[in-house]
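A.B. asks: Here it is: the structure, laid out below.
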Amino acid sequence: MLVFLVKRLLNAAAVMLAVGFLAFMIFRFVGDPVELMLNEQASQQQRDELRVRLGLDKPFVMQFATFIANAVRGDFGISYRNQQDVFTLIVERFPATLELVMLATFLSLVVGIPLGVYSAIRREKPLAKLIQFVSVLGVSLPSFAVGILFILLFSVSLGWLPAFGRGQVVQIGWWSTGFLTHSGRLALILPAVTLSLFQITLVMRLVRAEMLETMRTDFIRFARARGLPDSSVHFRHALRNCLMPVITVTGLQIGNLIAFALVTETVFQWPGMGLLFVQAVTFVDIPVMAAYLMIVSAIFVTLNTLVDLTYALVDPRLKQDAIAGGAGGR
Amino acid sequence: MKRSVLLAATAAVAFSGFFGVFQTQSEAKTLKWGAAREIASLDPYSFGETFTLSVLNHVYEGLVRYTADLKIEPALAESWETVSPTTWRFKLRKGVTFHNGNPFTADDVLASLTRVTHDTSPLKGNLPAYKSARKIDDHTVEIEVNGPYPLLLNDLTNIYILDKEWMEANNASLPTDSGKGIKGYATDNANGTGPFIIESRRADAKTIFVANPKWWDKPAHNITKIEFMPITSAATRVAALLSGEIDFTNVAPLQDLPRLSASPEIKVLQTNELRTVIFALNLKDKLFESDVTDKNPLRDKRVREALYRAIDIDGVQRRAMRGLSRNTGAIIAPAIPGYTAAQEPRLPFDAEGAKKLLAEAGYPNGFSFQMNCQSDGLVNEEEFCQAVASMWSRVGLKPNLSLGPRSQQTPKRVKGEFDVISFGWANEPMIDAYSILVQVVRSKSGSGGVFNWGNWGRPDVDALIDKAGVELDTAKRIAMMNEALMIVKNEHIFIPLHNQPMAWAMRANVGTMPQASDNKPRLWLSTMK
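Sequence lines, in order, name chains P and E. Numbered by numbering that gives the first Met the number 0, the letters in the first sequence go through residues 0 to 329 in order. Numbered by numbering that gives the first Met the number 0, the letters in the second sequence go through residues 0 to 528 in order.
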């Protein structure tokens, strides 16, 4: 187990280094921050001097090495645009994104699982077919289009929900939460629903497929033969056996949601990490981009590692593999 | 002494707070402003961006300022005189206090000038002629410039004055250096003399400004509070305006203007910006990407004229600009000193003439060249570039349009890797034709021609620009600039297109709002119903 863990951690470090390296290679092509930092009246000499001060005249391998050396000490520098400490900047935005992602995940489970169960056990009913059809829409509609539609309907036409922002937030230590105020809760609804649409569909289809699979197995047939009521067979026996893959996928998807919430965040002006990143790209804010990519890849790697560890705990075959030094993991 | 000041300040705050209660019940006027982007920082010397500076102008002020019709008027300085061609003496306004209660004196001006002209200040270029400054007495300052320089006042409109004691107490006497990577105090805190005080700020969400009850000037506004909220997505911004979540936006998307105007609760203010859009050409020895490899056809005046005549500007206006741009044959807007009516006429649209000119120049079948445009730069840039590219194709040319975000296209432009670029210049913050002349038109040299990316400089024009740069007599200076601009025009160095449209939109509860062509909201001159 320890060997497995150490191996995973080394893997994680290698992945993050690779992400950073690729990022710095790409940064050479995203543009020149100096042209955006100085205004039209700055002379060529001032432009060159700033480039030197920022270390942008050095080859990218050097820039990367400096970045890693500082990052290891927890120093990500300051943003070119905001001139704020990058780490603080990201930490400030993190609660907004996490609250959004968590609510979206919660919604996807609460809505997706019952829908999935229903469409599996009543698969011939027209309603189940309708759900299947609508779920295709859920997968294929881009979230910015859905977001704008929601805003037009619920903010402009009906006037029920705010079109943008986080409402009033309450600061608890370094964490800012929107759950404790009325306006904060209202503001969460549209972005969370928008973000969760794809997730709901995913969970629903997964549950449906797993349920159909499980319903065909012997132990369900025996349960039925013993005369257990349908509800007990469906929910106590069948559904429980479906949940493992659902939980795994949901866990992995949290990383995805954090990384891809940026579209939803931009549409709703949700002051999270995604919005920060989009702005950083616009202004070629290299320190923010670099730190964001590293932090998101760290979240990904951590979630993946956790999932792998759970697998290893649950599935004895993997444990054997790992101990034998074989190709473990997934 | 200090203590009594503090006591007085506390009493004043308590007092105004007391009355504030009644005020909020009777006539609290909150303006909710939805902007297209967040300001970079609260530090006015942090990021050379016009928009950030224009927002911070509500909190910080310069020695002089622009009126609603872009004339320079006294602000923190009451009057000024030129003692010698290189020395300006400013009489400072008495009885002005910063938001923290500190009095405004000559020391604050000196400390601010030192800070803004420091080597690490991104705004150093905004005060190019500055040499030194000295204090005569508490309310008199002399600024020395490094040669006769006519535009010091224009430059000073954007140099905001910070409080010396406050900077020293918070270790912010020097500008924040992004290269060093340490955050400065002034980034998150503000202490100006202006009409509004920053009450709270949450970046990317909301910044709240409240009216400064002790502002030195008689307020023309009746706003008690401004809630500044950036909304990046244009569709969301429009929706927020329609739903009443914001009262005002200074960036109303052109395609939504008909819809906004149709709503009875919304007013649209639309005019043309100072920014003039032109095509600039690669006039180096060779084209960057072309089937003509031995020489540069664009160096032939006939070819440039053909490019010019091939543009159906009314078509561009109709198709790409939704009829909202102002077509022009000048490279500066009418509001910019240096503009004359003689610069205005365009060459008429004449596709046949263009073909003939190309044939005369030896390119009857046209030639190919690369055209660099940005997807997020000027107003509808993608659209007008595509429109013009197709017009050029129609006369036999083969433009190869490269489109990309500003951050990617700029480095290519700076390196001269283009044959034609779309280019916009507003002459801000100077609001004088000297800006485009020295930065864009002039040949590259130590201090000028930073944006001369295509080697389009000419010695005769350079000489005129340099002469205008040291001429203190306004009439003579304008004549020189006009002469230079006329040479540029007659030689078709650039192909002018239009002044780009700008639009603000506000709900019916907003009363007056002066809209100048520099596209800066001046809420201290605005009222609410």
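We put the beta carbon where it would ideally sit given N, CA and C, even for glycine. All of these numbers come straight from a predicted model, not from anything done at the bench.
Closest Cβ-Cβ distance between Glu482 (chain E) and chain P: below 7 Å?
C.D. replies: Your numbering for residue 482 (chain E) matches position 483 in the second sequence. Output row for Glu482 (chain E): interface = no.
A.B. asks: Using beta carbons (cut-off 7 Å, strictly below), is Ala290 (chain P) in contact with chain E?
C.D. replies: By 1-based counting over the first sequence, the position of residue 290 (chain P) is 291. No, its Cβ sits nowhere closer than 7 Å to a Cβ of chain E.
A.B. asks: Chain E partners of Asp31 (chain P), CB-CB under 8 Å?
C.D. replies: For the purposes of this step, residue 31 (chain P) is taken as the residue at position 32 of the first sequence. Those are Ser406, Thr409, Pro410, Val413, listed as they occur along chain E.
A.B. asks: Could you say if the segment 276-296 of chain P and the segment 9-22 of chain P meet the contact criterion of at least three C-beta pairs nearer than 8 Å?
C.D. replies: Touching, yes, given that three or more Cβ pairs across the two stretches are closer than 8 Å.
A.B. asks: Verify the CB distance criterion: does Met36 (chain P) have a CB-CB separation below 7 Å to chain E?
C.D. replies: Locating residue 36 (chain P) in the first sequence gives position 37, where the first residue counts as 1. Yes, contact with chain E.
A.B. asks: Of all the residues that make up the segment 234-250 of chain E, which are near chain P by a beta-carbon distance shorter than 7 Å?
C.D. replies: Cβ contacts with chain P come from Ala234, Thr235, Ala238, Ala239, Leu241, Ser242, Glu244.
A.B. asks: Just to confirm the assignment, what range does the alpha helix (DSSP H) spanning Val18 (chain P) have?
C.D. replies: Here the question's residue 18 (chain P) lines up with position 19 in the first sequence. Taken as a continuous stretch (DSSP letters only), the alpha helix (DSSP H) holding Val18 (chain P) covers 1-29.
A.B. asks: So Pro73 (chain E) and Leu471 (chain E) are supposed to be a Cβ contact under 8 Å. How far apart are they, rounded?
C.D. replies: Stepping through the second sequence from its first residue, residue 73 (chain E) is reached at position 74. Stepping through the second sequence from its first residue, residue 471 (chain E) is reached at position 472. Going by Cβ atoms, the distance from Pro73 (chain E) to Leu471 (chain E) rounds to 20 Å, so no, they are not a contact pair.
A.B. asks: Report the residue from P:Glu123, P:Gly115, P:Met24 whose alpha carbon sits nearest the alpha carbon of Ile199 (chain P).
C.D. replies: Taking the first sequence and counting its residues from 1, one reaches residue 199 (chain P) at position 200. Minimum Cα distance to Ile199 (chain P) is reached at P:Gly115.
A.B. asks: In chain order, what residues of the same chain have a beta carbon less than 7 Å from the beta carbon of Thr270 (chain E), not counting five sequence neighbours either side?
C.D. replies: The count along the second sequence starts at 1 and reaches residue 270 (chain E) at position 271. So the qualifying residues of the chain are Met501, Gln514, Ser516.
A.B. asks: Roughly how many whole angstroms lie between the Cα atoms of Leu256 (chain P) and Ala279 (chain E)?
C.D. replies: Residue 256 (chain P) sits at position 257 when you count from the first residue of the first sequence. Residue 279 (chain E) sits at position 280 when you count from the first residue of the second sequence. For Leu256 (chain P) and Ala279 (chain E), the distance between alpha carbons rounds to 44 Å.
A.B. asks: Answer with yes or no whether the minimum CB distance from Val449 (chain E) to chain P is below 7 Å.
C.D. replies: Residue numbering aside, residue 449 (chain E) sits at position 450 when the second sequence is read from its first letter. Interface residue, yes.
A.B. asks: Quick one: does Pro244 (chain P) have its CB under 7 Å from some CB of chain E?
C.D. replies: What you label residue 244 (chain P) is simply residue 245 of the first sequence in a count that begins at 1. With 7 Å as the cut-off, Pro244 (chain P) does not count as an interface residue toward chain E.
A.B. asks: Nearest-angstrom Cα distance between Ser3 (chain E) and Ile330 (chain E)?
C.D. replies: Locating residue 3 (chain E) in the second sequence gives position 4, counting from the first residue. Locating residue 330 (chain E) in the second sequence gives position 331, counting from the first residue. Summary for Ser3 (chain E): the model assigns pLDDT 46, below 50, so the residue's position carries little reliability, and this model does not support an answer.
A.B. asks: CB-CB under 7 Å to Val85 (chain P), same chain, minus the five flanking residues each way: which ones, in chain order?
C.D. replies: Stepping through the first sequence from its first residue, residue 85 (chain P) is reached at position 86. Phe75, Gly76, Ile77, Ser78, Pro286, Val287, Ala290.
A.B. asks: With 16 as the cutoff for other CB atoms within 10 Å, does Gly191 (chain E) come out buried or exposed?
C.D. replies: Here residue 191 (chain E) is taken as the residue at index 192 of the second sequence, counted from 1. Buried, by the Cβ-count rule.
A.B. asks: Identify, in the order they occur along the chain, each residue of the same chain with its Cβ nearer than 7 Å to the Cβ of Ile253 (chain P), setting aside the five sequence neighbours on each side.
C.D. replies: Taking the first sequence and counting its residues from 1, one reaches residue 253 (chain P) at position 254. Here the set comprises Val100, Thr104, Leu302.
A.B. asks: Can you grab the Cα-Cα spacing for the pair Val58 (chain E) / Ile196 (chain E), in whole Å?
C.D. replies: Position 59 of the second sequence, counting from 1, holds the residue named residue 58 (chain E). Position 197 of the second sequence, counting from 1, holds the residue named residue 196 (chain E). Straight-line Cα distance between these residues: approximately 6 Å.
A.B. asks: I want to verify the contact list: residues of chain P whose CB lies under 7 Å from the CB of Phe46 (chain E), in sequence order.
C.D. replies: Along the second sequence, one-based indexing puts residue 46 (chain E) at 47. Met36, Arg80, listed in chain order.
A.B. asks: Which residues of chain E have a Cβ atom closer than 9 Å to the Cβ of Pro161 (chain P), listed in chain order?
C.D. replies: As a working note, residue 161 (chain P) is residue 162 in the first sequence. In chain order: Ala239, Ser242, Glu244.
A.B. asks: Per DSSP, Gln373 (chain E) is paired with what?
C.D. replies: Here the question's residue 373 (chain E) lines up with position 374 in the second sequence. DSSP, once it has assigned bridges, lists E:Gly403 as partnering Gln373 (chain E).
A.B. asks: How many angstroms separate the CA atom of Ile158 (chain E) from the CA atom of Arg114 (chain E)?
C.D. replies: Indexing the second sequence from 1 puts residue 158 (chain E) at position 159. Indexing the second sequence from 1 puts residue 114 (chain E) at position 115. C-alpha separation (whole angstroms): 10 Å.
A.B. asks: What would DSSP say about Asn326 (chain E), mapped onto helix, strand or coil?
C.D. replies: One-based indexing of the second sequence puts residue 326 (chain E) at position 327. Asn326 (chain E): strand per DSSP, three-state reduction.
A.B. asks: Give me the DSSP bridge partner(s) of His497 (chain E).
C.D. replies: Counted from its first residue, the second sequence places residue 497 (chain E) at position 498. According to DSSP, which records beta bridges pairwise, His497 (chain E) is partnered with E:Val276, E:Asn326.
A.B. asks: Give the DSSP-derived three-state secondary structure of Phe422 (chain E) in the structure shown.
C.D. replies: Counting from 1 along the second sequence, the entry for residue 422 (chain E) is found at position 423. Strand.
A.B. asks: When you compare only the Cα positions, how much space is there between Leu136 (chain P) and Thr265 (chain P)?
C.D. replies: Within the first sequence, numbered from 1, the residue matching residue 136 (chain P) stands at position 137. Within the first sequence, numbered from 1, the residue matching residue 265 (chain P) stands at position 266. When rounded, the distance between both Cα atoms is 22 Å.
A.B. asks: Beta carbons nearer than 8 Å to chain P: which residues of the segment 182-202 of chain E have them?
C.D. replies: Correct list: Lys182, Gly183, Thr186, Asp187, Arg201, Ala202.
A.B. asks: Quick check on Ala504 (chain E): does DSSP put it in helix, strand or coil?
C.D. replies: Position 505 of the second sequence, counted from the start, is the residue given in the question as residue 504 (chain E). Ala504 (chain E) falls in the strand class under three-state DSSP.
A.B. asks: In angstroms with no decimal places, state the Cα-to-Cα distance between Tyr65 (chain E) and Ile71 (chain E).
C.D. replies: For this step, residue 65 (chain E) is matched to residue 66 along the second sequence. For this step, residue 71 (chain E) is matched to residue 72 along the second sequence. Those two C-alpha atoms are separated by around 5 Å.
A.B. asks: For the alpha helix (DSSP H) holding Pro127 (chain E), just list the boundary residues, first then last.
C.D. replies: On the second sequence, position 128 is the one that residue 127 (chain E) refers to. Where Pro127 (chain E) is concerned, there is no enclosing alpha helix (DSSP H), given that its DSSP letter is neither H nor E.
A.B. asks: Chain B partners of Asp84 (chain P), CB-CB under 7 Å?
C.D. replies: Looking at the structure shown, chain B is missing, and the protein chains on hand are P and E.
A.B. asks: So the candidates are P:Gly19, P:Val145, P:Arg92; which of them puts its Cα closest to the Cα of Gly330 (chain P)?
C.D. replies: No statement about residue 330 (chain P) is possible, as the shown extent of chain P runs from 0 to 329 and does not include it.
A.B. asks: Look up Arg165 (chain P) in the DSSP assignment and say whether it is helix, strand or coil.
C.D. replies: Position 166 of the first sequence, counted from the first residue, corresponds to residue 165 (chain P). Here Arg165 (chain P) sits in coil by DSSP.
A.B. asks: Check whether the Cβ of Gly94 (chain E) lies closer than 7 Å to any Cβ atom in chain P.
C.D. replies: Along the second sequence, one-based indexing puts residue 94 (chain E) at 95. No, Gly94 (chain E) lies away from the interface with chain P (no Cβ there is under 7 Å from its Cβ).
A.B. asks: For Ser175 (chain P) versus Pro94 (chain P), is the C-beta distance shorter than 7 Å?
C.D. replies: Here residue 175 (chain P) refers to the residue found at position 176 when the first sequence is read from its first residue. Here residue 94 (chain P) refers to the residue found at position 95 when the first sequence is read from its first residue. Yes.
A.B. asks: Mind checking whether Leu122 (chain E) and Gly47 (chain E) have CB atoms under 7 Å apart?
C.D. replies: Indexing the second sequence from 1 puts residue 122 (chain E) at position 123. Indexing the second sequence from 1 puts residue 47 (chain E) at position 48. Yes, they are a contact pair.
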